[in-house]
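In this note's numbering, the protein residues as written are 1 to 197.
Using N, Cα and C, we set each Cβ at its ideal position, and we do this for glycine too.
Written below as structure tokens is the structure these notes are about.
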Ligand SMILES: [Ca+2]
Ligand SMILES: [Ca+2]
């Protein structure tokens, strides 16, 4: 995969729509941000911890090694945008792959966290591709942590999320789950662990 890490890609500020650039060589540029104060984070498989940005567009640019540039105010990304960016950048199947984005508000607002893995899911819900056992471990630059905070979620790369009310996928006692992309409802501010199958 491409070795550019921690690039702050701010080209999206000047882009009115999804733009696919020739390569993932975006230069680091400071931006004015949206006042988010680093509440849009991502973590790639080769990173020890999350990196956070002022805007969701910046987080997606980092998550995709600069391949996907969203409008500065974007709050969501589509699989089509991710695929187009990867194709234009010549990224292969083993490139960083966005598998899910979670938001702390319903309808994809507020803080966001973009989960990036080195491949997608296989379409077999009987096998677990990835899991996060305790969302409380995920912080952003504002001190916010994701335990009992997710309000909506999107999924990508063939992954199907199972969101657990309790940590470590515990469904005993009252522990419940919700599956697939979701927004609001009874799991709002309840999810403590996730598996992607
Ligand atoms: Ca699977
Ligand atoms: Ca919980």
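Between the C-alpha atoms of residue 59 and residue 169, what's the straight-line distance to the nearest angstrom?
Roughly 27 Å between the two C-alpha positions.
In this structure, does DSSP put residue 69 in helix, strand or coil?
DSSP places residue 69 in strand when its eight states are reduced to three.
Closest by CA to residue 148, which one among 134, 155, 158 and 154?
Checked all of 134, 155, 158 and 154; the closest Cα to residue 148 is 134.
When the Cα atoms are used, what is the spatial distance from residue 83 to residue 56?
So the alpha carbons of these two residues sit roughly 18 Å apart.
Check whether chain D comes within 8 Å of residue 129, counting only Cβ atoms and requiring the distance to be less than that.
The structure shown contains no chain D; it is built from a single protein chain.
Please report how far the alpha carbon of residue 187 lies from the alpha carbon of residue 153, in whole angstroms.
The straight-line gap from Cα to Cα measures roughly 11 Å.
State the Cα-Cα distance for the pair residue 157 and residue 150, rounded to the nearest angstrom.
So the alpha carbons of these two residues sit roughly 20 Å apart.
Where does residue 50 land, buried or exposed, given buried means 16+ other C-beta within 10 angstroms?
With 16 or more other Cβ atoms within 10 Å, it is buried.
Given residue 144, which residues of its chain have a CB within under 7 Å of its CB, disregarding the five upstream and five downstream residues?
So the list reads 39 and 111, once near-sequence residues are dropped.
With respect to the alpha helix (DSSP H) encompassing residue 108, which residues constitute its N-terminal and C-terminal limits?
Taken as a continuous stretch (DSSP letters only), residue 108 belongs to no alpha helix (DSSP H), as it is neither H nor E.
Is DSSP giving residue 156 helix, strand or coil here?
Coil at residue 156, not helix or strand.
Roughly how many angstroms separate the alpha carbons of residue 178 and residue 116, rounded to a whole number?
Roughly 21 Å separates the two Cα atoms.
How is the beta strand (DSSP E) around residue 85 delimited, first residue to last?
Taken as a continuous stretch (DSSP letters only), residue 85 belongs to no beta strand (DSSP E), being part of the alpha helix (DSSP H) at 79–89.
Ligand 2 and residue 46: does any heavy atom of the ligand fall closer than 7 Å to the residue's C-beta?
For ligand 2, not one heavy atom lies less than 7 Å from the Cβ of residue 46.
Along the chain, where does the alpha helix (DSSP H) that runs through residue 60 open and close?
Residue 60 -> alpha helix (DSSP H) spans 56–63.
Need the endpoints of the beta strand (DSSP E) that residue 129 sits in, please.
Note, residue 129: premise wrong, no beta strand (DSSP E); not H, not E.
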